[in-house]
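Undergrad:
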Amino acid sequence: MMIYKTTTSYPLETVKAQIAEKAKTLGFDLLGKYEFKKILKSKGFEITRDITVYELYNPVATHSALNALSEISVYLPCRLSVYHENGVTVLATIGIKNILQASSIDGELQKHMQEIFNKIRALMNSW
Numbered sequence: 020m021m022i023y024k025t026t027t028s029y030p031l032e033t034v035k036a037q038i039a040e041k042a043k044t045l046g047f048d049l050l051g052k053y054e055f056k057k058i059l060k061s062k063g064f065e066i067t068r069d070i071t072v073y074e075l076y077n078p079v080a081t082h083s084a085l086n087a088l089s090e091i092s093v094y095l096p097c098r099l100s101v102y103h104e105n106g107v108t109v110l111a112t113i114g115i116k117n118i119l120q121a122s123s124i125d126g127e128l129q130k131h132m133q134e135i136f137n138k139i140r141a142l143m144n145s146w
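So for the sequence shown, my numbering puts the first residue at 20; every next one is plus one.
Spelled out as structure tokens, the structure:
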């Protein structure tokens, strides 16, 4: 699957308010966030769904990945999308398995990247 998704019954605003701090406890820094509803509205386009994308990165993992395979940079930083759909809050990110299978990454780096993805999944499932 290209996208890994999970849902929670926690309100969207609660998840958005807690995401940076929870990510930090797992070794991730928040580089930025994009509130697409606000961004598009400022450009004259309206969307009904409140969609926020967070850019997270782990300095150690980023260092290892970029030193091993420069083109992996297109997947960095890790992006985590948060929105409300069908009565639940959805958290979604890129599925790491497809990236690992499509890249010429050595076994040690694959293992390390899988560990990072496990932390992202833990973050996503922490609500």
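From the three backbone atoms N, C-alpha and C, an ideal C-beta is built for every residue, glycine too.
Note that this is a predicted model, so its numbers are computed, not measured.
Below 6 Å CB to CB, which residues in the same chain sit around Gly51 once its five sequence neighbours on both sides are set aside?
TA: Cβ within range, chain order: Glu74.
Undergrad: Between Ile22, Ala36, Arg68 and Ser92, which lies nearest to Glu104 when the distance is taken from Cα to Cα?
TA: Among Ile22, Ala36, Arg68 and Ser92, the Cα nearest to that of Glu104 is on Arg68.
Undergrad: Name, in chain order, the residues that DSSP records as bridge partners for Ile22.
TA: Partner(s): Ile113.
Undergrad: For Cys97, I'd like the list of residues in its chain whose CB is within less than 7 Å of its CB, leaving aside the five on either flank, ordered along the chain.
TA: Cβ within range, chain order: Leu75, Tyr76, Thr112 and Ile139.
Undergrad: Between Ser83, Val109 and Ile91, which lies nearest to Glu32 when the distance is taken from Cα to Cα?
TA: When only C-alpha atoms are compared, the closest one is Val109.
Undergrad: On the criterion of 16 or more Cβ atoms from any shown chain inside 10 Å, does Ile58 qualify as buried, or is it exposed?
TA: Under this definition Ile58 is an exposed residue.
Undergrad: Which residue's Cα is closest to the Cα of Ala42: Glu65, Pro78, Lys56 and Ser28?
TA: If we check each option's Cα against that of Ala42, Pro78 comes out closest.
Undergrad: State the DSSP-derived secondary structure class of Gly106, mapped to helix, strand or coil.
TA: Three-state result, Gly106: coil.
Undergrad: Within the continuous alpha helix (DSSP H) that includes Glu127, where are the two ends?
TA: Counting along the chain, the alpha helix (DSSP H) containing Glu127 begins and ends at Gly126 to Met143.
Undergrad: Cβ atoms of Ala141 and Leu49: under 8 Å apart, would you say?
TA: The answer is no: Cβ separation not under 8 Å.
Undergrad: Closest to Gly106 by C-alpha separation, out of Pro30, Lys62, Ile66 and Gln133, would be which residue?
TA: Comparing Cα positions, the closest option is Pro30.
Undergrad: What does a CB cutoff of less than 8 Å around Asp125 pick up in its chain, not counting 5 residues either side in sequence?
TA: Only Ala87 meet the Cβ criterion.
Undergrad: Since Thr67 is in the alpha helix (DSSP H), which residue starts that stretch and which ends it?
TA: Counting along the chain, Thr67 falls outside any alpha helix (DSSP H), and DSSP gives it neither H nor E.
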